[in-house]
Structure formats: structure tokens, C-alpha cells
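Novice:
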Amino acid sequence: MVTSMTGYGKAVNQLSDKKITIEIRTLNSKNLDLNMRIPSIYRQQELPLRQLVAKSLLRGKVDFSVHVEQTGLASNSKLNLEIVESYMRQMAEIEGIDYNDPTQKIQLLDIATKFPDVFAQESKEISKEDIEFIENTAHDAIKAVQQFRKDEGDNLELEFNKRITNIKVLLQQVIEEDTVRLSEVRTRLEKAISEIKEKVDQNRFEQELIYYLEKYDITEEKVRLENHLSYFMDTLNITESQGKKLAFICQEIGREVNTIGSKANHAGMQQLVVQMKDELEKIKEQLLNVL
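As C-alpha cells, then:
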């Protein structure tokens, strides 16, 4: 299974006097890079929330935001009379209204009390209900992120299957090319010797030819590359996402492809190697997003 590190989740829950919204955005990162934005009144819950996110999301750049919207007047709210009066006087001055007129004053008061900062919240310890409420909302947001990551991972898995299949097809073409490559190399060398028009020790020539051809033999590389490709596919099917392990396997695949290219000494085979490298780079690019 493949899980992406890119994700988004949002959860909204309502209490009698407030609405809490938690949003989580994640991007790729080698380690967990967690940035939390929490209202000051809930700061005591930051550590438990950090532990919850770290345990659930494991890796990635994570932005975790808590938004609190008061939907009712809490019992610990008090009207800030100084701010209310200041608003009333300013509005009276702007509108040219007689501030001492009782009728006008009532209208000004009605308007002023609608401003968001006229109620002062007395500081208090958050209740057990509030703590459970935030934790439940965080769980819901994390579940949404995990589902998003899984959906993205399914798309990545399809992409990896496609690219690995392409490399396997190209490797098969390399194997087919290799059946005639060494005989062509041998023919070229024999022709070059014959053009010299000098007698050579045939046994010595055969020994040198075998040594030369062994340097260009890619049998081991073909076998190892096939094994690495199969191992990559097997790792994709492991229950937990294995981004780092897949990256290591990719390095080994690249090593074998490069060795085949350096030993090829054959234009057609080198073109196939270039195509394999192109497919591998596309895999590596996408692996940066895998958990």
C-alpha cells in the first residue's frame, strides 16, 4: 500500500456556545515538521495534540489550525463598558448626533453592542467537556487527512505500477538486443584484426577476445535488475506505506541501469537505457510524496 504525504482534512463540531473548526494541511518532508496554531485559551492542550498528530501522521510538513467561533454568549462574558461608550461617542461624532439625546443614545447602544470586541471574556480553565470536544474534533480532522492521503496514495501506486512495467518491457528489449550484441562485437574485432593483415596467434586472440567480451557481459546486471523490479512491486503491496524503503530500492535499480549503460557499447541498447532512466526519474520524483 502507498500513502501520500500530501493531504487535507477539516472537521467542524458545535457546542452550545461555540463552534470549533480544525484544519490540517500536509505536504512532503523527510521528517515530521509540525506547525500548530491554537487559541491561547487552549494552549494547555498543545502537547497532547502534538502527540496525537505525530502518532497518526508520522511524517510530512503539517499545518494544524484550531479556529473557535463564539455562537452564543458564554456565562463568563462581560460587557466592556469603556469600549461600548467609546464606540457610541465616535459614531455620534461621525453622524452629527446629539450624544445626550436618550432616543439617539439607545440607537447608538444597539449598534455598538454588535461589535465583536465589546464582550470581555474572563479567563478560566477550560472544562473537561471542552478538552474532549477538541480531541474528538482533532480525531475527525486526522481521519479526513488520512483518507485524503490514502486516495492520493492509490493514484501514486497506479503510477508506480505503470513505470515499473515500462522498465520491465525495456529490460526485455535489452535482453533481446544482448543476444546479438556480443556476436556483433566479436565480428567487429575479427574484421579489424583481418584488416591489419598481420598473422596473429589464434589462441592468444581467443583469450584476449574472451577477456574483452567478459568486460561487456551484463548477465549479472540483468538478473539483479529483474530482482530489484520485483522487490519494488512486492514492497508496494506491504500493508504499511514504505516510502523510504522504495527510495532505497530505486537507488539499486538506478545502479544496475547505469552499469548496463556503461557496458552496452551498443547504440540500440544505450537508447533503451536512456528510456529506463527516464522512467526511473519519474518514479523518484513521485516517491518524494510517499510516506
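Each residue of the sequence shown is one higher than the one before, starting from 10 at the first, in the numbering used here.
Every residue, glycine too, gets a C-beta built ideally from N, C-alpha and C.
#1: Assuming V183 and L289 make a contact with CB atoms under 8 Å, what is their CB distance in whole Å?
#2: Where does the unbroken beta strand (DSSP E) through S95 begin, and where does it stop?
#3: My guess is that I258 and Y240 are in contact by the Cβ rule of under 8 Å, so how many angstroms apart are they, rounded?
#4: So the beta strand (DSSP E) F73 belongs to, where does it begin and stop?
#5: Mind reading off the beta-carbon distance from N298 to L165? Whole number of angstroms is fine, and I expect it under 8 Å.
#6: Measure from the alpha carbon of L58 to the alpha carbon of each residue in L88, Q156, V189, F142, then state which is nearest.
#7: Apart from the five residues just before and just after I106, which ones in its own chain have a Cβ nearer than 6 Å to its Cβ?
#8: Are the CB atoms of G69 and L41 within a distance shorter than 9 Å?
#9: CB L43 to CB V62, shorter than 9 Å?
#10: If you draw a straight line from the alpha carbon of N109 to that of L117, how long is it in whole angstroms?
#11: By Cβ distance below 8 Å, which residues in the same chain neighbour T35 in space, the five residues on each side in sequence not counted?
#12: Give every residue of the same chain whose Cβ lies closer than 7 Å to the Cβ of V77, excluding the five residues on either side of it in the sequence, and list them in chain order.
#13: With a threshold of 16 other CB atoms inside 10 Å of the CB of T146, please say whether the residue is buried or exposed.
#14: My output table needs one value for I258: the three-state DSSP class, helix, strand or coil.
#15: To which residues does DSSP link I33 through a beta bridge?
#16: From R46 to E138, what distance separates their C-alpha atoms?
#17: Going by other Cβ atoms of all chains shown within 10 Å of its Cβ, with 16 needed for buried, is F124 buried or exposed?
#18: Tell me which same chain residues have a C-beta within less than 8 Å of the C-beta of M242, skipping the five on either side of it?
#19: Quick check: what's the CA-CA separation for R52 versus M10?
Specialist: Straight from the coordinates:
#1: That pair is no contact at about 14 Å.
#2: Per DSSP, S95 belongs to no beta strand (DSSP E); it is in the alpha helix (DSSP H), 90-104.
#3: Separation of the CB atoms of I258 and Y240 is rounded to 6 Å, and the pair is thereby assigned contact status at 8 Å.
#4: Element bounds for F73: 69-79.
#5: So it is a contact: roughly 7 Å between Cβ atoms.
#6: Considering only alpha carbons, the answer is F142.
#7: Excluding positions up to five away in sequence, the list reads Q113.
#8: The criterion of a C-beta distance shorter than 9 Å is satisfied by L41 and G69.
#9: Here L43 is near V62, since their CB atoms are less than 9 Å apart.
#10: Inter-residue distance for N109 and L117 is about 11 Å (C-alpha atoms, whole angstroms).
#11: If we look at T35 and ignore the five residues flanking it on each side, its Cβ neighbours are M14, T15, G16, Y17, L66, G69, K70, V71, D72, V154, R158.
#12: Setting aside the 5 residues that flank it on each side, V77 is surrounded in the same chain by K27, I29, P48, each with a C-beta closer than 7 Å to its C-beta; the list follows chain order.
#13: T146 is buried by the Cβ-count criterion.
#14: If DSSP states are grouped into helix, strand and coil, I258 belongs with the helices.
#15: When DSSP reads this structure, I33 sits in a beta bridge with G18, F73.
#16: R46 and E138 have their C-alpha atoms some 21 Å from each other.
#17: Its Cβ having fewer than 16 others within 10 Å, F124 is exposed.
#18: Within the same chain, M242 has close Cβ partners N170, I173.
#19: Straight-line Cα distance between these residues: approximately 36 Å.
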